[in-house]
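Notes for the one structure printed next.
There are 2 protein chains.
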Amino acid sequence: MSATIKSVAEYAGVSIKTVSRVINNEGTVKPDTLAKVQQAIDALDYRPNKAARDLAGRDNYVLGYVYDNPNAYYILAMQNGILKECRSNGYELLIHPCDATNPDIIDELVNMVNSARLAGLILSPPLSEMPDVLQAMDDKGIQYVRVLSGDKAPDNKPCVLVDDYQAARQITGHLLDQGHQRIAFIAGEKQHHSTTERQRGFYQALADHGIQADPELVIDGTYSFGTGVQSIQQLLALPEPPTALFACNDEIAAGALFGARMQGVDVPEALAIAGFENSPFSTQTFPPLTTASQPTAQIAQRATSSLIRSLQARKRKAENHTIPADIFVPELIVRESTSR
Amino acid sequence: MSATIKSVAEYAGVSIKTVSRVINNEGTVKPDTLAKVQQAIDALDYRPNKAARDLAGRDNYVLGYVYDNPNAYYILAMQNGILKECRSNGYELLIHPCDATNPDIIDELVNMVNSARLAGLILSPPLSEMPDVLQAMDDKGIQYVRVLSGDKAPDNKPCVLVDDYQAARQITGHLLDQGHQRIAFIAGEKQHHSTTERQRGFYQALADHGIQADPELVIDGTYSFGTGVQSIQQLLALPEPPTALFACNDEIAAGALFGARMQGVDVPEALAIAGFENSPFSTQTFPPLTTASQPTAQIAQRATSSLIRSLQARKRKAENHTIPADIFVPELIVRESTSR
DNA sequence: GAGTAAAATGACAGCGTTGTCATTATTATG
DNA sequence: CATAATAATGACAACGCTGTCATTTTACTC
Chain R
1 MSATIKSVAE YAGVSIKTVS RVINNEGTVK PDTLAKVQQA IDALDYRPNK AARDLAGRDN
61 YVLGYVYDNP NAYYILAMQN GILKECRSNG YELLIHPCDA TNPDIIDELV NMVNSARLAG
121 LILSPPLSEM PDVLQAMDDK GIQYVRVLSG DKAPDNKPCV LVDDYQAARQ ITGHLLDQGH
181 QRIAFIAGEK QHHSTTERQR GFYQALADHG IQADPELVID GTYSFGTGVQ SIQQLLALPE
241 PPTALFACND EIAAGALFGA RMQGVDVPEA LAIAGFENSP FSTQTFPPLT TASQPTAQIA
301 QRATSSLIRS LQARKRKAEN HTIPADIFVP ELIVRESTSR
Chain X
341 MSATIKSVAE YAGVSIKTVS RVINNEGTVK PDTLAKVQQA IDALDYRPNK AARDLAGRDN
401 YVLGYVYDNP NAYYILAMQN GILKECRSNG YELLIHPCDA TNPDIIDELV NMVNSARLAG
461 LILSPPLSEM PDVLQAMDDK GIQYVRVLSG DKAPDNKPCV LVDDYQAARQ ITGHLLDQGH
521 QRIAFIAGEK QHHSTTERQR GFYQALADHG IQADPELVID GTYSFGTGVQ SIQQLLALPE
581 PPTALFACND EIAAGALFGA RMQGVDVPEA LAIAGFENSP FSTQTFPPLT TASQPTAQIA
641 QRATSSLIRS LQARKRKAEN HTIPADIFVP ELIVRESTSR
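Which chain is which? The protein sequence lines are R and X, in order. First residue of the first sequence? That's 1 in this note's numbering, and the numbers climb one at a time after it. First residue of the second sequence? That's 341 in this note's numbering, and the numbers climb one at a time after it.
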C-alpha cells in the first residue's frame, strides 16, 4: 500500500492540510515545518493520488489536445511533445480528434471540456487559428495555449509561434542563391496561416533579391500529393517553365517530383524542388527533398509547459502573470533535390 | 454542472447503487429497471466521474496504449478506435510511445503500468508479437489485449486477429486472374508477423494456381519507400523481369511505382503493382494503388471492447470467461495500378 | 509586556463513486 | 399456501484529497 497524505502528516507530526499545502506549493508554510514535511514525503516515498486530487479539487489535472489536421506525422509529434511535458508535471492528457469544419464544433469542444473537466486545452492549426473557437473559449473561461504560424503574437494570450515566414524566406533564398530566377510556388489550403506565412516569406525573399514574382508561377492547392502532381504539370506546360519550385509542404513537393519525372524532367538538374516540414518520407524520395524542419515535439512541449505554468499561476491568483510567446524558426535542411 | 450518479438515480427512481450496477454491467439488474436507468442516463447525458470511480474502486479506469510502429497513420487510426470505445465505457486512455528495441522495455512497461495504475494494456505489433513482453505481463498479472497478424489465435489469451494471410492470398489471386504469371514479392521487416503472413498468403495463392514461386522474384526489405525503389530496380534488371508486383505495404509499392517510372516502365501497362494497407496516399499516387484495406480503427475498437469486457468479467470473479478472438480480413481494393 | 495584526496551522465537511452488508422482492419447493 | 432459497435493490461508510473557516502561533507596535 502506498503512502497517503494522512501517513505523511502523522510521520511529520502535522495536520494533513499542512501536507497538502506543501505539495501544492501554497507558500504559507514555515521553512522548518516545510522541511519536516518534505522529509516525511521522501521517507515514505509519497506520491499524491491523482484521483483524489481531481475529485476534491476544483480543477482536474488533465489537459486536452484537440486536433484536426490531416497530417498524421504532425499530430503524433505534437502528441509526443505534449505527453512528455504532461508526465513530468503530473498531468494527464486527453486526446480529442475532431472535425474543424463541423458547424457544431464549438459546442462540441465546450461540452468536452466541461464533461471531462479539463484544466486546459492545447490547440494546433487549424483550430488555433479559428477566431470563433478562441472567442468561445475566452467566453467560457477555458484556458488554452495555441501553436500557430507567425512571427509575432497576435494578442497577449498564451501561444507558441512557428515562424514560417522566416523559414520560407530562407528556403527561397537558398533557391535564389543557387542561381534560380524563375521560382514557382505551390500553396496549401489558404485557411492555414502556415500557407499564407510561407507565401509571404516566398515573396519577401524574391523582393530581397529584386525579383518580381510572376503570378503564373504561383498556384493554389491543398497540402496533398495530388496538388503537387497536377500543379507541376501545369507549370511545366508554361511557355517559360520555372527552373525551381518551392512547395508549401513535402507532400506537395513529393507529388511535384513524381509529376516532373512522369514528364521526363530531371530533378534537380532541370528543376530544383524544395518542400517544407521535413516529413519522414522527405528523405525517402529520389532525390531526397530539401525542406525545412520544425521541431514539432519540442514546440508542443514548450506550449504545454507554458499552459501548465499559466494554470498554476491562475490558481495562486497571481493575476497578471503573462508568459512571453516563444518563437521557433524552422531550420533549412538542404538535400539533393536542390543541388546544382 | 454535469449529471452525477445521484441525479440519475433520482430521475430513474432507484438508488445510486443500482445505477452503479448498470454502468458497470454487473448483470444483476432486472430488465425493466435497467431500461429505466439507461433512459435516465441518456436523458441526463450522464458520464461517470472517473476520479470518483478511481478513488472509490480498487482499479483505475485507465487503459494504456503502448506503441512502437513507424507508421503514423496506423497509430492514429488505432488510437481513434481505442478512444471511441474508451469514451463510451467511461475509460480513459494513456498513450505511451516507446522503443521496442530498447533492452529495458519490459521494466519500462511494468513500471508504467504500476505507477499509472493502469487497468489494462492494448498492444499492437511489433510489441504484441514479442513473447518476452507478453510473458512479463502475464507474470505481473497485467491484463492486455493484442492486435496481431494471423488466421488463428496462438493461445487463449485475448487478442484480435488480422488475417493478412487471407488478404494477401486474395491480392495475389487478383494479380493471377489478370493473367500474370511472373509475380514479384517485396517483403517488409521479418520481425513483423504481418510480413510473414502476407508472404505465406502470396505463396499459397501461387500454389493454388499451380505456379512455382521464383526465388529471384522475392526480395526482403523494410516497410519503406526506399525498399520499393531499390527492389524494383533489382527486379527490372532481371533477365526475365516480373510483370506484376505485390508489395508488402503501400509505401513499398509507392517506391516501386516511383522506381519503375524512373526506368521508363509504365504502370500498369508493363508492370502491375499492388500494395497493402490502404494508406491515405495510396489514392494519390499515379496510378492509384490496388491494395487491401484493414479497418484499423474498427479493429482497435473491437480489441478495446474485448479488453474492457474481460476486465469487467475478472472483476466479477467470473473466472473462465473467455472471449473468442475476432478475426478481420482486410478487403481487396482494386484500383488502376493493376488494370489490364 | 499588553494589545493587535498577520501568519501559520488545524478541524472538518464534502467531492462522486464503489464495496459491504442489510433488506426487500421474487421464485422455487414441498 | 407457507417456507426456504435466491435474486434484486438499498443504506451507508469508505477512498485520499482540497476548500472553508476557525484557531493558534508569531511578529510588531507603543
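In this text, a Cβ means the ideal position worked out from N, Cα and C, and glycines have one as well.
From the options, residue whose alpha carbon lies closest to that of residue i
{"i": "X:Ser646", "options": "X:Gly460, X:Thr636, X:Pro555 and X:Glu556", "result": "X:Gly460"}
{"i": "R:Leu175", "options": "R:Asp220, R:Ile299 and R:Leu289", "result": "R:Leu289"}
{"i": "R:Ala168", "options": "R:Glu331, R:Val160 and R:His96", "result": "R:Glu331"}
{"i": "X:Ile559", "options": "X:Ser428, X:Phe586 and X:Glu425", "result": "X:Phe586"}
{"i": "R:Ile299", "options": "R:Leu123, R:Thr222 and R:Leu206", "result": "R:Leu123"}
{"i": "X:Tyr543", "options": "X:Ile415, X:Val569, X:Ala524 and X:Met477", "result": "X:Ala524"}
{"i": "R:Thr283", "options": "R:Leu134, R:Val334 and R:Val29", "result": "R:Val334"}
{"i": "R:Pro158", "options": "R:Gln191, R:Thr28, R:Leu311 and R:Val267", "result": "R:Leu311"}
{"i": "R:Pro268", "options": "R:Ala313, R:Phe286, R:Glu277 and R:Arg117", "result": "R:Phe286"}
{"i": "R:Ala51", "options": "X:Asp554, X:Lys530, X:Tyr505 and X:Arg457", "result": "X:Arg457"}
{"i": "X:Gly541", "options": "X:Gln641, X:Gln531 and X:Phe616", "result": "X:Phe616"}
{"i": "R:Asp32", "options": "R:Pro48, R:Ala12, R:Asp45 and R:Ile211", "result": "R:Ala12"}
{"i": "X:Ala380", "options": "X:Asn389, X:Ile356, X:Leu578 and X:Glu366", "result": "X:Ile356"}
{"i": "R:Pro125", "options": "R:Gln191, R:Ala325, R:Thr338 and R:Ala77", "result": "R:Gln191"}
{"i": "X:Leu557", "options": "X:Gly550, X:Gln574 and X:Tyr563", "result": "X:Gln574"}
{"i": "X:Asp382", "options": "X:Ser428, X:Ala577 and X:Ala412", "result": "X:Ser428"}
{"i": "X:Asn364", "options": "X:Met418, X:Gly550, X:Thr678 and X:Arg387", "result": "X:Arg387"}
{"i": "R:Pro239", "options": "R:Ile252, R:Phe225, R:Ser224 and R:Asp214", "result": "R:Asp214"}
Unbroken alpha helix (DSSP H) run spanning residue i, endpoints
{"i": "X:Ile592", "result": "Asp590 to Met602"}
{"i": "X:Asn509", "result": "A small correction: the amino acid at residue 509 of chain X is Arg; Asn does not occupy that position in the sequence shown. Here the alpha helix (DSSP H) through X:Arg509 covers Asp504 to Asp517."}
{"i": "X:Pro371", "result": "Pro371 to Leu384"}
{"i": "X:Asp478", "result": "Pro471 to Lys480"}
{"i": "X:Val569", "result": "Phe565 to Leu576"}
{"i": "R:Phe286", "result": "From DSSP, R:Phe286 is part of no alpha helix (DSSP H); its letter is neither H nor E."}
{"i": "R:Ser20", "result": "Ile16 to Ile23"}
{"i": "R:Leu185", "result": "According to the sequence as given, residue 185 of chain R is Phe; it is not Leu. Per DSSP, R:Phe185 belongs to no alpha helix (DSSP H); it is in the beta strand (DSSP E), Ile183 to Ile186."}
{"i": "X:Ser534", "result": "His533 to Asp548"}
Under 9 Å from the C-beta of residue i: neighbouring residues of chain R
{"i": "X:Arg601", "result": "Phe258, Arg261 and Met262"}
{"i": "X:Pro437", "result": "Leu76, Gln79, Asn80 and Leu83"}
Any chain R beta carbon closer than 8 Å to residue i
{"i": "X:Val569", "result": "yes"}
{"i": "X:Ser342", "result": "yes"}
Neighbouring residues, chain X, relative to residue i (Cβ below 7 Å)
{"i": "R:Pro324", "result": "Per Cβ cutoff of 7 Å: no residues; R:Pro324 is ~30 Å from chain X at best."}
{"i": "R:Phe281", "result": "Phe565"}
{"i": "R:Ala72", "result": "Ala412, Tyr413 and Leu416"}
{"i": "R:Asn114", "result": "Ser342"}
The beta strand (DSSP E) enclosing residue i, as first and last residue numbers
{"i": "R:Arg146", "result": "Tyr144 to Ser149"}
{"i": "R:Leu331", "result": "It is worth fixing the name first, because residue 331 of chain R is Glu in this sequence and not Leu. Its beta strand (DSSP E) spans residues Glu331 to Ile333."}
{"i": "R:Phe246", "result": "Ala244 to Ala247"}
{"i": "R:Val62", "result": "Val62 to Tyr67"}
{"i": "X:Asp666", "result": "Asp666 to Phe668"}
{"i": "X:Ala440", "result": "Element bounds for X:Ala440: n/a, residue is neither H nor E."}
{"i": "R:Ile273", "result": "Ala272 to Ala274"}
Beta carbon proximity, residue i to chain X, threshold 8 Å
{"i": "R:Gln284", "result": "yes"}
{"i": "R:Leu93", "result": "yes"}
Under 7 Å from the C-beta of residue i: neighbouring residues of chain R
{"i": "X:Pro392", "result": "The question names Pro, yet the displayed sequence has Ala at residue 392 of chain X. Under the 7 Å cutoff, chain R gives Leu55."}
Neighbour list for residue i in chain X, Cβ cutoff strictly below 8 Å
{"i": "R:Asn60", "result": "Ala391"}
*Report yes or no: do three or more beta-carbon pairs, one from the region 398-407 of chain X and one from the region 61-77 of chain R, lie closer than 8 Å?*
no
*Segment contact flag, the region 85-97 of chain R with the region 28-40 of chain R, C-beta cutoff 8 Å, min 3 pairs*: no
*So, do the region 532-540 of chain X and the region 479-497 of chain X have three or more beta carbon pairs nearer to each other than 8 Å?*
yes
*Contact between the region 129-147 of chain R and the region 107-119 of chain R: three or more CB pairs below 8 Å?*
yes
*Say whether the region 556-572 of chain X touches the region 592-608 of chain X, bearing in mind that this needs 3 or more beta-carbon pairs closer than 8 Å, one atom from each stretch.*
yes
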